[in-house]
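Colleague: I have a structure here, written as structure tokens, and I will follow up with some questions on it.
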DNA sequence: GTCTATAGTCGGATAGAC
DNA sequence: GTCTATCCGACTATAGAC
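As structure tokens, then:
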């Protein structure tokens, strides 16, 4: 491999491997300790490179942080694409949506979220990153809001509306969507606490079944009560 | 005022006012920026004292941080005492608990939580503090878990169990309690996001009604479905 | 009890050899 | 492209005057 990329874009004929190693280490460090808590030296050590390598590849610590946000969004989207895709297709068809089918899609979406966020240990790291940025918005807030929260809650709200037989979501559907999604936070950001409360050693297949059941009951209730 | 306190305990015949000012400023700073993100200089400036005053009154930055956790627990407990008191009294009576009354107490508890956490702007600060500590446990984790999460979820779980006609809570009730409480996080840690999603300028009386209604529906569903 | 001054450490970013 | 060496600023904590 003489030159990994023939400079397909202006930037980065640089070592993609080093870049990736830094990014992976940075996501973990920032997710656990935050922008201020994680030092470039710690990240460099974890990535197996020297400290100035971060500046060389990303320009600055802040720029690296923003790049981490982008990577998190990408990985999250990849994990949920199999469920969000069909849901978007259903809602975008223009025709009147069958409430029962909307309910099926909503269930699939929630199951995919459980798989991506609760079953995956890495997601607790992502969740830490995202939660910090929501509390104290910085350079990464817009990325996370525009690519994660806004489309995520809007999709859920539209599915809830469709399952209730409405053409478009209103305030009630958006509120319910927000709360439905926030239930997952108990097992991402609140992973440690929830494991202690439930006396779970770890969150394996059996625990996931229980979580899915509890969420499933909420979805039922959401739609059954209509409004 | 010659000597605010006659040294009732061994420690702190020191200025209680200065101590309080530092504590208030520290809670805000740590809540917004975390232990590493908030500097003693910033806190001192916000409290209107000089930087070494923090060390004088609290010993170290870490000790001040732990003291903030204690203060948050106290203030939270004070805000919810009017609802948690009757609930604890009901459950502690030893006799078989009337399911309908348990449901009433559960509603009161959730309303008190909404008032304390959602209606109160300060609570977003507390929530930031607590959320960081849950993600990356430090010296304050035990305080917050033992005095906040454990008793809070256990109380909710016992009320849910009683409302379902059970003597004691099981895994299902604890799971449901965790998720019910995590709904509030959408409006504490997720305050900014939720306001944007809902297109709310701020969270006033009308918005609180909507939030309470949505939570109330969940409480209904929780108990109606039994298990 | 509160202040100023400062010691000692660690952070991010840059310069320049290879 | 990757390394070592280093600058400079910001931080916490301590010493000592008042």
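Protein chains in written order, with the UniProt record's numbering: chain A, 1 to 227; chain B, 1 to 227. We put the beta carbon where it would ideally sit given N, CA and C, even for glycine.
(1) Any C-beta of chain A within less than 8 angstroms: which residues of the stretch 193 to 206 of chain B qualify?
(2) Measuring straight from C-alpha to C-alpha, what distance separates residue 217(A) and residue 219(B)?
(3) Mind checking if residue 133(A) is an interface residue toward chain B, Cβ cutoff 7 angstroms exclusive?
(4) Do you know offhand how far residue 195(B)'s Cα is from residue 201(B)'s?
(5) Taking Cβ to Cβ, would you say residue 151(A) is nearer than 7 angstroms to residue 158(A)?
(6) Scan the stretch 161 to 201 of chain B and note each continuous beta strand (DSSP E) run of 3 residues or more that stays entirely inside, going in chain order.
(7) Can we say the stretch 67 to 75 of chain B touches the stretch 33 to 52 of chain B, given the rule of at least three CB pairs closer than 8 angstroms?
(8) What are the complete beta strand (DSSP E) segments, minimum 3 residues, inside the UniProt domain "HTH tetR-type" (16 to 76) of chain B?
(9) If the cut-off is 9 angstroms on Cβ atoms, which residues from the stretch 180 to 193 of chain B count as contacting chain A, listed in chain order?
(10) Check whether chain B comes within 7 angstroms of residue 117(A), counting only Cβ atoms and requiring the distance to be less than that.
(11) Around the C-beta of residue 224(A), are 16 or more other C-beta atoms found within 10 angstroms, so that it is buried, or is it exposed?
(12) From the DSSP output, in three-state form, read off residue 119(B) for me.
(13) Which residues in the same chain have their Cβ closer than 8 angstroms to the Cβ of residue 227(A), if we skip the five residues on either side of it in sequence?
(14) Which of helix, strand or coil does DSSP assign to residue 137(A)?
(15) Please classify residue 67(B) as buried or exposed, where buried requires at least 16 neighbouring CB atoms within 10 angstroms.
(16) In three-state DSSP terms, what is residue 93(A)?
(17) For residue 259(B), which residues in the same chain have their Cβ closer than 6 angstroms to its Cβ, ignoring the five residues on either side in sequence?
(18) Would you identify the three-state DSSP class for residue 111(A), choosing helix, strand or coil?
(19) To be precise: take each residue of the stretch 25 to 38 of chain B, compare its Cβ to all Cβ atoms of chain A, and keep it if any distance is under 7 angstroms. Which residues remain?
(20) Counting contacts by CB-CB distance shorter than 7 angstroms, is residue 221(A) in contact with chain B?
(21) In the structure shown, what three-state DSSP assignment does residue 143(B) receive?
(22) For the alpha helix (DSSP H) containing residue 215(B), name the first residue and the last one.
(23) Quick one: what's got a C-beta closer than 6 angstroms to residue 214(A)'s C-beta in the same chain, skipping five residues either side?
(24) Distance check for residue 88(A) and residue 102(A), CA to CA, integer angstroms please.
(25) Going by C-alpha distance, which of 31(A), 98(A) and 82(A) is nearest residue 243(A)?
(26) Which term fits residue 121(B), buried or exposed, when burial requires 16 or more other beta carbons within 10 angstroms of its beta carbon?
(27) Tell me which residues share the same chain as residue 96(A) and place their Cβ nearer than 6 angstroms to its Cβ, disregarding the 5 neighbours each side in the sequence.
(28) Against residue 128(B), what residues of chain A qualify as contacts under a CB-to-CB distance less than 8 angstroms, listed in chain order?
(29) What does the Cβ neighbour count give for residue 190(A), buried or exposed, with the cut at 16 atoms within 10 Å?
(30) So, are the CB atoms of residue 156(B) and residue 177(B) less than 7 angstroms apart?
(31) Taking C-beta pairs closer than 9 angstroms, name the residues in chain B that residue 214(A) reaches, listed in chain order.
(32) I'd like to check one pair, residue 38(B) with residue 45(B): are the Cβ atoms closer than 7 angstroms?
Modeller: With the structure as the only source:
(1) 193, 194, 196, 197 and 198
(2) As a first step, residue 217(A) is located in the first chain; it is residue number 217 there, counting from the start. As a first step, residue 219(B) is located in the second chain; it is residue number 219 there, counting from the start. Approximately 12 angstroms, taken between the alpha carbons.
(3) Walking along the first chain from the start, residue 133(A) turns up at place 133. It does not: the Cβ of residue 133(A) has no partner Cβ on chain B nearer than 7 angstroms.
(4) Here residue 195(B) refers to the residue found at position 195 when the second chain is read from its first residue. Here residue 201(B) refers to the residue found at position 201 when the second chain is read from its first residue. Cα-Cα distance, rounded: 7 angstroms.
(5) On the first chain, residue 151(A) is found 151 positions in, with the first residue counted as 1. On the first chain, residue 158(A) is found 158 positions in, with the first residue counted as 1. No, they are not a contact pair.
(6) none
(7) no
(8) none
(9) Of all residues in the stretch 180 to 193 of chain B, 180, 181, 182, 183, 184, 185, 186, 187, 189, 190, 191, 192 and 193 have a Cβ within less than 9 angstroms of some Cβ in chain A.
(10) Taking the first chain and counting its residues from 1, the one referred to as residue 117(A) is at position 117. Proximity of residue 117(A) to chain B, defined by a Cβ-Cβ separation below 7 angstroms, is not satisfied.
(11) Locating residue 224(A) in the first chain gives position 224, where the first residue counts as 1. By the neighbour-count rule (16 or more Cβ atoms within 10 Å), residue 224(A) is not buried but exposed.
(12) Here residue 119(B) refers to the residue found at position 119 of the second chain. Looking at residue 119(B) - three-state DSSP - the assignment turns out to be coil, as it is neither helix nor strand.
(13) As a position in the first chain, residue 227(A) is number 227, starting the count at 1. Low confidence applies to residue 227(A): its pLDDT is 46, below 50, so where it sits in the model is not reliable, and the reading given next is rough at best. Around residue 227(A): 164 and 172.
(14) Taking the first residue of the first chain as position 1, residue 137(A) is located at position 137. Three-state DSSP puts residue 137(A) in coil, outside helix and strand.
(15) In the second chain, counting from the first residue as 1, residue 67(B) sits at position 67. The residue is buried, with at least 16 neighbouring Cβ atoms inside 10 Å.
(16) Indexing the first chain from 1 puts residue 93(A) at position 93. In the three-state reduction of the DSSP assignment, residue 93(A) falls in the coil class, being assigned neither a helical nor a strand state.
(17) No answer is possible for residue 259(B): the residues shown for chain B start at 1 and end at 227.
(18) Stepping through the first chain from its first residue, residue 111(A) is reached at position 111. Correct three-state label for residue 111(A): helix.
(19) From the stretch 25 to 38 of chain B, only 32, 33, 34, 36 and 37 have a Cβ closer than 7 angstroms to chain A.
(20) On the first chain, residue 221(A) is found 221 positions in, with the first residue counted as 1. Under the Cβ distance rule, residue 221(A) counts among the residues neighbouring chain B, one pair being separated by less than 7 angstroms.
(21) By 1-based counting over the second chain, the position of residue 143(B) is 143. It is helical.
(22) For the purposes of this step, residue 215(B) is taken as residue 215 along the second chain, with counting starting at 1. Element bounds for residue 215(B): 205 to 224.
(23) By one-based count along the first chain, residue 214(A) stands at place 214. So no residue of the chain qualifies.
(24) Residue 102(A) sits at position 102 when you count from the first residue of the first chain. Residue 88(A) sits at position 88 when you count from the first residue of the first chain. So the two alpha carbons sit approximately 10 angstroms from each other.
(25) Outside the shown range of chain A (1 to 227) lies residue 243(A), about which nothing can therefore be said.
(26) As a first step, residue 121(B) is located in the second chain; it is residue number 121 there, counting from the start. The Cβ neighbour count for residue 121(B), taken over all protein chains shown within 10 Å, is under 16; the residue is labelled exposed.
(27) As a working mapping, residue 96(A) is identified with position 96 in the first chain. Within the same chain, residue 96(A) has no close Cβ partners at all.
(28) On the second chain, residue 128(B) is found 128 positions in, with the first residue counted as 1. 135 and 136, listed in chain order.
(29) Position 190 of the first chain, counted from the first residue, corresponds to residue 190(A). Its Cβ being crowded by 16 or more others within 10 Å, residue 190(A) is buried.
(30) Residue mapping note: residue 156(B) aligns to position 156 of the second chain, counting from 1. Residue mapping note: residue 177(B) aligns to position 177 of the second chain, counting from 1. Their beta carbons are under 7 angstroms apart, which means residue 156(B) touches residue 177(B) by this criterion.
(31) The sequence position of residue 214(A) within the first chain is 214, counting from 1. Neighbours of residue 214(A) on chain B, chain order: 172, 175, 176, 178 and 179.
(32) Sequence index remark: in the second chain, residue 45(B) carries index 45 (1-based). Sequence index remark: in the second chain, residue 38(B) carries index 38 (1-based). No, Cβ-Cβ distance for residue 45(B) and residue 38(B) is not below 7 angstroms.
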